[in-house]
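Basically the numbering used here = 1-based index in the sequence shown + 926. Structure record follows, encoded as structure tokens.
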Amino acid sequence: MLPETPHALSFLSRPRLAPAFSALIIGIALNGCAGQQPPTSATYSNADLNEQLVMATAWMQSAAEYRALSFQAFNVARLRLDQALEAQKPEDRPLAVIVDCDEAVIDNTPFEAWLIGRNEQYSSANWNAWVEDAQARALPGAQAFLNYARSRGVEVFYVTNRDERSLAATMKNLKQLDFPWVDEQHMMLRTDASDKQPRREAVMATHDVALLVGDNLADFDSRYDADDVATRNARVIQDWAQFGERYIVLPNPTYGSWEAALYKGDFSLSPQEKNQRRREALRVWSGPE
């Protein structure tokens, strides 16, 4: 979790991080050649940086492959839930599933698309306006899986870093999508801290958690919430057996802790500096002989 310094405050107010783009696609979309140097003009703006959202957002909104990955995630989740149900004994605590909301069971890509062409970065005011509109759609397979859990008597807890003040709007959105367990007991939004571990532990104190579903590694364990790329990757390698077993990951190339790691957690960087950090993360082919 980032320290609550002034440069981090706007980051902490979002359910995750500012919009971004996968490092590989950045090189393709911006350069046409991964080795090309970034622009040095002082006029490089947030509008320029937001153009890097185009390919990732278009992929999430239109690619059949994205839908296939989402269905795959929830198909695996159902298999693992069935295994947990089969292993459950009468004396065991009730089973539960913990899910994140944004880009884990609901789709906010219209908000990312809205940023494209605008000379501004993410702001709490803009994000909250989107949340209040309650227009997010269900990810492919999410509604069917969550309602399958309900049909088997498994409770669903929504552990999200949406601000607690958006509880009513978030519940409205989820109810419109016919998601189960949408009540104040099962909605666990952010209050004073973005670290989800205390909320997860509160669920684990009364339930056996069969699965955790998210698009960001910190949706599973706070030890992934590191501000450098190497540490995050090393921890994934250590925990490789958890993925597809207890941890179900949804793809999100538009924003996330992976972007914070590129900046060492410093979102006060200028648009040009952020662009430079993204490019520096690329592994570049030397080119044809």
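Where is the CB? At the ideal position from N, CA and C, for every residue including glycine. The structure presented is a predicted model; accordingly, all values stated were derived computationally and were not measured.
For N1201, the enclosing alpha helix (DSSP H) stretches over residues P1197 to E1206. Bounds of the alpha helix (DSSP H) holding A999 are A990 to A1013. Contact annotation, S996 with L1103: C-beta distance approximately 14 Å; criterion of less than 8 Å not satisfied.
For the region 1109-1185, the continuous alpha helix (DSSP H) assignments of 4+ residues that do not extend past its boundaries occur at 1123-1130 and 1155-1164, in sequence order. When rounded, the separation of the alpha-carbon atoms in A1075 and Y1181 is 28 Å.
With a beta-carbon spacing of about 6 Å, L975 and K1200 fall inside the 8 Å limit used to define contacts.
Annotation for L1093: the continuous alpha helix (DSSP H) segment containing it runs L1093 to Q1102. For the 8 Å CB-CB criterion, V1175 and D1151 do not form a contact.
For E1081, there is no enclosing alpha helix (DSSP H); the residue is part of the beta strand (DSSP E) that begins and ends at E1081 to D1089.
Within the DSSP bridge table, the entry for D1033 names R1063 as partners. From the listed residues Q1111, T1117 and R1063, the smallest Cα separation to L1100 is found for R1063. Taking C-beta atoms as the reference points, H1112 and V1080 fail to come closer than 8 Å. If you draw a straight line from the Cα of L1195 to the Cα of A1128, it comes to about 36 Å. In the structure shown, the three-state DSSP call for D1028 is strand.
If you draw a 10 Å sphere on the C-beta of E1110, you find fewer than 16 other C-beta atoms in it, and that means exposed. In this structure, the alpha-carbon of Y970 lies about 41 Å from that of Q1168.
For D974, the uninterrupted alpha helix (DSSP H) run begins and ends at N972 to N976, by DSSP.
In terms of Cβ geometry, F1000 and F1071 form a close pair [threshold 8 Å].
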